[in-house]
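In my numbering, the protein residues as written are 27 to 820. Ideal Cβ positions, reconstructed from N, Cα and C, are used throughout, including at glycine. Source: prediction; values computed, not measured.
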């Protein structure tokens, strides 16, 4: 009786058999062509794993892949002792042909098999976000994983044919946010996969989205309100780096009165606007100056209130016209008119003054007059007229004084507003000349017919307002020639004003809004801010408030975190400092923002998506990631999110498994760090993937075909096989399969029977080890030998 004995794995092979005659042949016997199994003719595949039927008598096999049916352009060939093989590098995504032939033990190659045509193609990714046709603020593009993809190529264009490309990039992740801003409006995007050798896959379908910065909501001034000083305010808008404000005198904004940019959420023009009805609107702008949607249009009426007249009372009978009134908010100076009729068609005298009182320098006729006052701003925009009063001039008593005596300001006195000079009349004098000296230099010299003079705005004769300092003065009396001169008196002008906000020693979380008290006689103000004792900001302002904005010629766009000191100077129309604020104040800017994602101490299974709160006034951000205290990744981002991608000039393409720390810095337009995130966070990347086959503990009768799950971010894999704890096979492959074949430079040609352990390592394009597979598996190989045995008596 004959029995067949199959020697199992691990046993000692004992062959009990009769002698087998070995045929001696002088000639060779032709081997048949193998029969291809996979990939089948006309099939489409992602991972080409070539398989064929075994040929009896074959020692090994040759496999060829070509890009043409005639195999004139062979793009890959290899030989193997197995009946299956997977190229370790990717084949191009296109129509390909393959065949296989047998090679006998004497290295004689026999006929090729039939030629099989197949198409290698990485499928098109399925786009998930933003959904087709949606409107977004910050475009974070997402898609589903694709089998065979090592990385992905993303394109964004302004036309559906992608001829006008707006942005493109590669990434190992399944989502990406551009690190620079895209234009607002309709955009189109698509994604295709790339294998480890940069062979492109099929494009996804094209999705469209509208990128738009929303319209700001206006807060103040309220619609149709009446205001004196226009301070514009609005709510923050997602996606806006800064804001653009338009103010016009028509609702169509064809006659623009003022426009400017700011990184803050409020703004007061540094120059005064015209009085009357104005229209204003705001829109957000991104870092690359792409405009967002305009807000609704609000209107306002800007006005300077009518001054309240004080003296003389209405219908008074007086001998000298000394006119006075109350201050009008928003007025830089005042225009006074005296007329001989109530309709002011015949103006007897008019002039401007920075003070709240005035006396004409020329004597008026002895009759009835009407007078009124209105304020004007620093740009000569008229305010509201006061009410009208009347007075009648009568002849004063005859002057009997034979000397000229000064009355005020008192000798050696200190005054806090411009001086009103007074003296007694001088018998027979027809006019007087007031002479004022500063540092022994004639400063003011004016002719007047009344024994009283207050400085006003005719620069041909005198200064409009007096800077702080010490002055000497005298008066000369004239007929046609000089009659007499008074004594010389002195006075000191020491006007001042207080700073209002920010309070001294204040700590601010955003850019300061500077405010101060008005100063009578000031044409404009200059805000001076010092950082580390160095002048940092210096701007001219015509209102009583200033918020930094984006005209870099005058001031910084936003303030970095630090300690600052500041003061305000008041100037007259001769660009002379009248007075400086009473004190120099300090404030500290300590703006901050929080990190959002990944959470502190988080454990991630894929590359991190960094997110943080936006910071008002930040033009861009710098994400800094540290690995073992060394800076590992540093990238500039204009959005408040960042996902690593494949520009190696700036950052790593994927993160190997390990623990990292990270922070974000916010920068202004001067490339200065405004502030750093409140905390530094840590995260651990612990990505993993599973082995699939051969199963753990499997017993194989031929060489193994290794198979494992893909890992996001992996550019290639390394198969590690150990035999008796010694490295036996170590090969790099771009696929998720590996079958040993005969390139002895890299690996063994076949596996002897025994037990083995194996694992897979995943690497990025920079040859960084991302992770090792979650486990190490074991398998055994036996060579199932079929022997015919003749056992007697059995």
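Query raised in the report: Can you give the Cα-Cα distance for residue 50 and residue 84, rounded to whole angstroms?
Result: For residue 50, the predicted model reports a pLDDT of 36, less than 50, meaning its position is unreliable; a value from the coordinates is still stated below. Distance between the alpha carbons of residue 50 and residue 84: 18 Å.
Query raised in the report: If you draw a straight line from the C-alpha of residue 70 to the C-alpha of residue 80, how long is it?
Result: 24 Å
Report task. Using three-state DSSP, classify residue 610 as helix, strand or coil. Result -> Residue state, collapsed to three classes: coil.
Query raised in the report: Taking 7 Å as the line, does the beta carbon of residue 101 fall inside it for any heavy atom of the ligand FMN?
Result: The ligand FMN is absent from the structure shown, which contains no ligand whatsoever.
Query raised in the report: In the DSSP assignment, what residue or residues form a beta bridge with residue 472?
Result: 460
Requested in this report: Please report how far the alpha carbon of residue 52 lies from the alpha carbon of residue 128, in whole angstroms.
Outcome: In this prediction, residue 52 scores a pLDDT of 36, lower than 50, which makes its location untrustworthy; no coordinate-derived value is stated.
Query raised in the report: Should the stretch 533-547 be regarded as contacting the stretch 584-596, the criterion being three or more beta carbon pairs within less than 8 Å?
Result: yes
Report task. Give a yes or no on contact between the stretch 634-644 and the stretch 127-141, applying the rule of three or more CB pairs nearer than 8 Å. Result -> no
Query - Local Cβ density within 10 Å of residue 301, reported as buried at 16 or more and exposed below that - result: buried
Query raised in the report: Going by Cα to Cα distance, which pick from 209, 289 and 294 is closest to residue 247?
Result: 294
Query raised in the report: Any idea if residue 659 is buried or exposed, counting beta-carbon neighbours within 10 angstroms, 16 or more meaning buried?
Result: buried
**Report entry** Short Cβ contact (8 Å threshold) for residue 504 with residue 459
**Finding:** yes
Report task. With 8 Å as the threshold, decide whether the Cβ of residue 321 is near any Cβ in chain C. Result -> Going by chain labels, chain C is absent from the structure shown, which holds only one protein chain.
Query raised in the report: Quick one: Cα of residue 467 to Cα of residue 499, how far?
Result: 11 Å
Query raised in the report: Whose CA, out of 203, 234 and 204, lies closest to the CA of residue 216?
Result: 234
Query raised in the report: Leaving out the 5 sequence neighbours to the left and right, which residues in its chain are closer than 6 Å to residue 767 when beta-carbon positions are compared?
Result: 104, 106 and 111
Requested in this report: Give me the Cα-Cα distance between residue 564 and residue 289, rounded to the nearest whole angstrom.
Outcome: 17 Å
Query raised in the report: Using the rule of at least 16 other Cβ atoms within 10 Å of the residue's Cβ for burial, across every protein chain shown, is residue 425 buried or exposed?
Result: Label assigned to residue 425: exposed.
Query raised in the report: Can you name, in chain order, every residue of its own chain whose Cβ lies under 7 Å from the Cβ of residue 795, other than the five neighbours on each side?
Result: 682, 787 and 789
**Report entry** Range covered by the beta strand (DSSP E) that runs through residue 143
**Finding:** Element bounds for residue 143: 142-146.
Requested in this report: Determine the DSSP secondary structure at residue 86, reduced to helix, strand or coil.
Outcome: strand
**Report entry** Anticipated Cβ contact below 8 Å, residue 444 with residue 491, distance rounded
**Finding:** 5 Å
Report task. Could you check if residue 519 is buried or exposed, using at least 16 other CB atoms within 10 Å of its CB as the buried criterion? Result -> Burial is judged here by how many other beta carbons sit within 10 angstroms of a residue's own beta carbon; residue 519 has at least 16 and is buried.
Query - DSSP beta-bridge partners of residue 689 - result: Its beta-bridge partners are 650.
Requested in this report: Measure the C-alpha to C-alpha separation of residue 58 and residue 731 and round it to an integer number of angstroms.
Outcome: Using only the alpha carbons, I get a separation of about 25 Å.
Report task. Drop a sphere of 10 angstroms on the beta-carbon of residue 633, count the other beta-carbons inside from all chains shown, and report buried for 16 or more, exposed for fewer. Result -> buried
Report task. Could you name the residues of the same chain whose beta carbon sits closer than 7 Å to that of residue 617, not counting the 5 residues immediately before and after it, in chain order? Result -> 535, 536, 587, 641, 700 and 701
Query raised in the report: Is it true that the CB of residue 219 sits closer than 8 Å to the CB of residue 151?
Result: Yes, these two residues count as a Cβ contact at 8 Å.
Report task. For residue 401, count neighbouring Cβ atoms within 10 angstroms of its own Cβ and tell me buried if that reaches 16, exposed if not. Result -> buried
Query - residue 478 versus 549, 528, 507 and 387, residue with shortest Cα-Cα distance - result: 387
**Report entry** Own chain, CB closer than 7 Å to residue 785, minus 5 neighbours either side, in chain order
**Finding:** Its chain contains 746, 798, 799 and 802 as the residues whose beta carbon lies nearer than 7 Å to that of residue 785, once the 5 sequence neighbours on both sides are disregarded; these appear in chain order.
Query raised in the report: Taking all protein chains shown into account, do 16 or more other C-beta atoms lie within 10 angstroms of the C-beta of residue 276, making it buried, or fewer, making it exposed?
Result: exposed
**Report entry** Span separating the alpha-carbon of residue 75 from that of residue 143
**Finding:** Roughly 14 Å between the two C-alpha positions.
**Report entry** Length of the line joining the Cα atoms of residue 345 and residue 351
**Finding:** 19 Å
Query - According to DSSP, residues forming a beta bridge with residue 536 - result: Residue pairing by DSSP places residue 536 opposite no residue, since no beta bridge is assigned to it.
Query - Helix, strand or coil at residue 656 [DSSP, three-state] - result: strand
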